[in-house]
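Here is the structure we will look at.
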Amino acid sequence: MPYTSDESARCRRDFPALRSTAAGSELVFLDGPGGTQVPTAVIEAMTNFYQTCNVNTHGNFPPSREVDRRMEAARATLATFLGAAGPQCISFGHNMTTLNFALSGAIGRTLQAGDEVLITQLDHEANRGPWLRLAERGVVVREVKLNESGELDPQDMAAKVTHRTKVFAIGASSNALGTVNDLALARRLTHAVGALLVIDAVHYAPHFPVDVGALDTDFLLCSGYKFYGPHVGVLYAKPGALERLPTDRLSVQDPAAPYRIETGTLNHAAIDGLRAAVEYLAGWGVGATLRERLVDAMTNISGYEHQLARIYHDEVRRLAGVRVWGPDFSGRSRAPTVSITLTQHTPARAATALGARGICVWDGNFYAARAVEILGLAARGGLLRTGISMYSSASDIRRLIEGIAALG
Ligand SMILES: Cc1ncc(COP(=O)(O)O)c(C=O)c1O
3 MPYTSDESAR CRRDFPALRS TAAGSELVFL DGPGGTQVPT AVIEAMTNFY QTCNVNTHGN
63 FPPSREVDRR MEAARATLAT FLGAAGPQCI SFGHNMTTLN FALSGAIGRT LQAGDEVLIT
123 QLDHEANRGP WLRLAERGVV VREVKLNESG ELDPQDMAAK VTHRTKVFAI GASSNALGTV
183 NDLALARRLT HAVGALLVID AVHYAPHFPV DVGALDTDFL LCSGYKFYGP HVGVLYAKPG
243 ALERLPTDRL SVQDPAAPYR IETGTLNHAA IDGLRAAVEY LAGWGVGATL RERLVDAMTN
303 ISGYEHQLAR IYHDEVRRLA GVRVWGPDFS GRSRAPTVSI TLTQHTPARA ATALGARGIC
363 VWDGNFYAAR AVEILGLAAR GGLLRTGISM YSSASDIRRL IEGIAALG
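Residue numbers for the sequence shown follow the working numbering, beginning at 3 and rising by one.
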């Protein structure tokens with residue numbers, strides 16, 4: 003099924019928050035990389051959960067059996083979303099950061115002093131901080147260099163994956179610059195030395211179909227609130243990978259995957275809502291199976307978002323005093339996230355002025371603090387970031403461009 007401005011206009015009707023107004027005009031949500039709005043289907047799924055089965059799992063009574071059924075359905079749906087072998091590969095948690103701390107802590111217990119973990123200068127702190135903590139155990143943490151173009155240096159990456167490397171933690175896409183990283187290279191390099199590959203797909207999963215089979219990754223993390231769902235972290239683990247890890251868990255807890263890394267009671271209503279979000283996305287695609295519908299939908303939404311982001315990119319860079327950061331739209335795959343700086347205004351001042359016009363865009367470092375530091379932007383307040391989502395429109399972009407032009 004194609005996904006054009008017509009489908010996007012129809013999709014907007016499914017998101018009640020998009021009808022919100024400020025200062026007499028509709029709010030423009032171009033803040034997707036920080037979190038997307040949710041469609042009615044997600045709100046209804048969560049409401050239904052609270053109305054019909056707000057009890058804990060594994061009880062011998064009907065609503066509890068219903069929760070068990072919904073949790074397994076959610077795991078199966080998220081497995082399909084990520085192209086995983088099955089529900090046993092999908093663990094849930096509070097958010098990506100919490101799951102990554104649990105994962106890095108468990109992997110860290112298997113490492114010796116002098117072992118190396120590789121991270122990148124481009125990544126969000128959620129895929130750096132948990133690994134940097136391992137230095138306390140004598141693990142050496144190295145980082146792949148970020149070029150001024152906003153891309154990771156492939157030579158530096160190749161040089162830093164050595165026989166001492168045990169883990170390479172890399173983002174699939176930058177939430178600050180929209181860069182899509184060369185994951186095939188990361189996998190080739192890690193395979194050659196037997197290192198684990200951990201992919202942060204938080205910024206990638208909302209914009210592209212994910213196929214953990216093709217990526218052949220050991221672990222991949224994403225976060226439901228970035229792709230039209232509620233706040234739920236998702237961890238994919240390759241079959242057998244989680245069982246090898248000494249995770250933090252209670253003695254009473256199920257030691258099998260995917261439960262092995264899940265501590266305490268999960269947010270069942272939100273997990274049910276996340277299943278609804280994935281099914282909502284699939285509703286924009288065609289195909290005989292859920293996976294086919296998802297890949298079709300995500301591929302077409304991706305094309306639509308790319309086109310809109312490209313229009314913004316090409317128009318904003320023509321405005322006086324604007325500098326666009328990160329890769330342009332001529333080359334490889336790129337996420338529809340465009341960050342700029344302005345000669346005359348700090349990002350915070352620009353975002354505040356745009357906010358007063360009802361335009362929601364983020365300023366700062368978005369926790370990609372190392373990238374912003376490397377680009378020399380930390381002292382200047384970072385970047386002004388625009389994120390395109392499935393519900394973004396040409397009129398949103400027009401209002402944004404007008405708002406930036408009016409800053410003077
Ligand atoms: C690329 C990236 N990784 C990780 C995270 C952290 O996700 P969470 O908020 O689920 O911990 C974010 C959140 O903005 C992100 O953009």
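For every residue, glycine included, the Cβ atom is placed at its ideal position computed from N, Cα and C.
#1: Using the Cβ count rule (16 or more neighbours within 10 Å means buried), how would you classify leucine 252?
#2: If we require 3 or more residues per run, which beta strand (DSSP E) segments fall completely within the region 107 to 191?
#3: Less than 9 Å between the beta carbons of glycine 107 and threonine 249, yes or no?
#4: Does DSSP put glutamate 294 in a helix, a strand or coil?
#5: Considering only C-alpha positions, which residue in the set Arg135, Val57, Ala87 and Ala47 is nearest to threonine 219?
#6: Cβ-heavy atom distance between threonine 181 and ligand 1 below 8 Å?
#7: Could you tell me the alpha carbon to alpha carbon distance between leucine 136 and aspartate 16, rounded to whole angstroms?
#8: How long is the line joining the alpha carbons of arginine 262 and glutamine 255, rounded to whole angstroms?
#9: Would you call the region 29 to 38 and the region 219 to 236 touching, i.e. three or more CB-CB distances under 8 Å?
#10: If you follow the alpha helix (DSSP H) that cysteine 224 is part of, which residue opens it and which one closes it?
#11: When we look at the beta-carbon of phenylalanine 414 and count the other beta-carbons within 10 Å, is it buried (16 or more) or exposed?
#12: Quick check: what's the CA-CA separation for leucine 385 versus glutamate 404?
#13: As a quick exercise: from Leu185, Val288, Leu191 and Pro64, pick the residue whose alpha carbon is nearest that of alanine 216.
#14: Just to confirm, does threonine 99 get its C-beta within under 8 Å of one of the non-hydrogen atoms of ligand 1?
#15: Counting only runs that start and end within the region 15 to 89, where is the alpha helix (DSSP H) found for 4 or more residues in a row?
#16: Is it the case that the CB of aspartate 125 approaches a heavy atom of ligand 2 more closely than 8 Å?
#17: The alpha helix (DSSP H) with glycine 357 in it runs from where to where?
#18: Checking the sheet assignment: what are the DSSP bridge partners for glycine 95?
#19: My output table needs one value for arginine 496: the three-state DSSP class, helix, strand or coil.
#20: Report the residue from Gly305, Ala115 and Thr345 whose alpha carbon sits nearest the alpha carbon of serine 10.
#21: When you measure from the CB of serine 175 to every non-hydrogen atom of ligand 1, does any distance come out below 8 Å?
#22: Considering only their Cβ atoms, is the gap separating isoleucine 376 from lysine 168 smaller than 9 Å?
#23: Note down the Cα distance separating threonine 54 from tyrosine 393, rounded to an integer number of angstroms.
#24: How do the region 163 to 182 and the region 330 to 339 stand: do at least 3 beta-carbon pairs fall below 8 Å, yes or no?
#25: So alanine 373 packs on alanine 178, CB below 8 Å; how close in whole Å?
#26: For arginine 325, name the three-state secondary structure that DSSP assigns.
#27: May I ask you to report which of helix, strand or coil DSSP gives aspartate 250?
#28: Less than 8 Å separating the Cβ of aspartate 256 from some heavy atom of ligand 1?
#29: From isoleucine 121 to glycine 26, what distance separates their C-alpha atoms?
#30: Cα separation between threonine 345 and glutamate 28?
#31: Please report whether the beta-carbon of glycine 289 lies at a distance below 9 Å from any beta-carbon of chain B.
#32: From this set, Pro89, Arg130, Arg71 and Asp70, which residue's C-alpha is nearest methionine 2's C-alpha?
#33: Whole angstroms is fine: what's the gap from alanine 47's alpha carbon to alanine 278's?
#34: Tell me whether leucine 377 sits in a helix, a strand or coil according to DSSP, three-state version.
#35: Give me whichever residues DSSP pairs with isoleucine 342 in a beta bridge.
#36: Which residues bound the beta strand (DSSP E) around isoleucine 201?
The answer reads as follows:
#1: The residue given as residue 252 occupies position 250 in the sequence shown. It is exposed - the Cβ of leucine 252 has fewer than 16 other Cβ atoms within 10 Å.
#2: You should have 118 to 122, 142 to 146 and 167 to 173.
#3: Residue 107 sits at position 105 when you count from the first residue of the sequence shown. Residue 249 sits at position 247 when you count from the first residue of the sequence shown. Yes, they are a contact pair.
#4: As a position in the sequence shown, residue 294 is number 292, starting the count at 1. Correct three-state label for glutamate 294: helix.
#5: Taking the first residue of the sequence shown as position 1, residue 219 is located at position 217. Checked all of Arg135, Val57, Ala87 and Ala47; the closest Cα to threonine 219 is Ala87.
#6: Position 179 of the sequence shown, counting from 1, holds the residue named residue 181. It does not: the Cβ of threonine 181 is nowhere closer than 8 Å to a heavy atom of ligand 1.
#7: Taking the first residue of the sequence shown as 1, we reach residue 136 at position 134. Taking the first residue of the sequence shown as 1, we reach residue 16 at position 14. Cα to Cα, leucine 136 sits roughly 44 Å from aspartate 16.
#8: Against the sequence shown, residue 262 aligns to sequence position 260. Against the sequence shown, residue 255 aligns to sequence position 253. Rounded to whole angstroms, arginine 262 to glutamine 255 spans 7 Å at the Cα level.
#9: They touch, by the three-pair rule.
#10: As a first step, residue 224 must be located in the sequence shown, where it is residue number 222. Here cysteine 224 belongs to no alpha helix (DSSP H); instead the beta strand (DSSP E) covers 221 to 225.
#11: One cannot answer for residue 414 here, as it falls past the ends of the chain, which runs 3 to 410.
#12: Here residue 385 corresponds to residue number 383 of the sequence shown, with the count starting at 1. Here residue 404 corresponds to residue number 402 of the sequence shown, with the count starting at 1. Whole-angstrom Cα-Cα distance: 19 Å.
#13: For this step, residue 216 is matched to residue 214 along the sequence shown. It is Leu185 whose Cα lies nearest to the Cα of alanine 216.
#14: Looking up residue 99 in the sequence shown gives position 97. Checking every heavy atom of ligand 1 against the Cβ of threonine 99, one is found closer than 8 Å.
#15: At a cut-off of 4 residues, the continuous stretches assigned as alpha helix (DSSP H) that sit fully inside the region 15 to 89 are 42 to 54 and 64 to 84.
#16: This structure lacks ligand 2; its bound ligands are ligand 1.
#17: Translated into the one-based positions of the sequence shown, residue 357 becomes position 355. 349 to 358 is the extent of the alpha helix (DSSP H) around glycine 357.
#18: Position 93 of the sequence shown, counted from the first residue, corresponds to residue 95. For glycine 95, which the question treats as bridged, DSSP gives the partners Gly235.
#19: Because the chain is modelled from 3 through 410, residue 496 falls outside the range shown and cannot be assessed.
#20: Position 8 of the sequence shown, counted from the first residue, corresponds to residue 10. Among Gly305, Ala115 and Thr345, the Cα nearest to that of serine 10 is on Gly305.
#21: Within the sequence shown, residue 175 is the residue found at index 173, counting from 1. True, at least one ligand heavy atom lies under 8 Å from that Cβ.
#22: Start at 1 with the first residue of the sequence shown, and residue 168 comes out as number 166. Start at 1 with the first residue of the sequence shown, and residue 376 comes out as number 374. No, Cβ-Cβ distance for lysine 168 and isoleucine 376 is not below 9 Å.
#23: As a position in the sequence shown, residue 54 is number 52, starting the count at 1. As a position in the sequence shown, residue 393 is number 391, starting the count at 1. Using only the alpha carbons, I get a separation of about 31 Å.
#24: The region 163 to 182 makes contact with the region 330 to 339: 3 or more CB pairs, one atom from each, lie closer than 8 Å.
#25: On the sequence shown, residue 373 is found 371 positions in, with the first residue counted as 1. On the sequence shown, residue 178 is found 176 positions in, with the first residue counted as 1. 5 Å between Cβ atoms; contact.
#26: The residue given as residue 325 occupies position 323 in the sequence shown. Of the three classes helix, strand and coil, the one that applies to arginine 325 here is strand, per DSSP.
#27: The residue you call residue 250 lines up with position 248 of the sequence shown. If DSSP states are grouped into helix, strand and coil, aspartate 250 belongs with coil.
#28: As a first step, residue 256 must be located in the sequence shown, where it is residue number 254. No, since every heavy atom of ligand 1 falls outside the 8 Å radius drawn around the Cβ of aspartate 256.
#29: What you label residue 121 is simply residue 119 of the sequence shown in a count that begins at 1. What you label residue 26 is simply residue 24 of the sequence shown in a count that begins at 1. In this structure, the straight-line span from the alpha carbon of isoleucine 121 to that of glycine 26 is close to 46 Å.
#30: Numbered from its first residue, the sequence shown carries residue 345 at position 343. Numbered from its first residue, the sequence shown carries residue 28 at position 26. Those two C-alpha atoms are separated by around 29 Å.
#31: Structure shown: chain B not included; a single protein chain is present.
#32: Here the chain comprises residues numbered 3 to 410, so residue 2 is not present and cannot be evaluated.
#33: Within the sequence shown, residue 47 is the residue found at index 45, counting from 1. Within the sequence shown, residue 278 is the residue found at index 276, counting from 1. The alpha-carbon atoms of alanine 47 and alanine 278 are separated by roughly 7 Å.
#34: On the sequence shown, residue 377 is found 375 positions in, with the first residue counted as 1. Three-state result, leucine 377: coil.
#35: Residue mapping note: residue 342 aligns to position 340 of the sequence shown, counting from 1. Checking the DSSP bridge columns, you'll see isoleucine 342 partnered with Val326 and Leu386.
#36: As a first step, residue 201 must be located in the sequence shown, where it is residue number 199. Here the beta strand (DSSP E) through isoleucine 201 covers 198 to 202.
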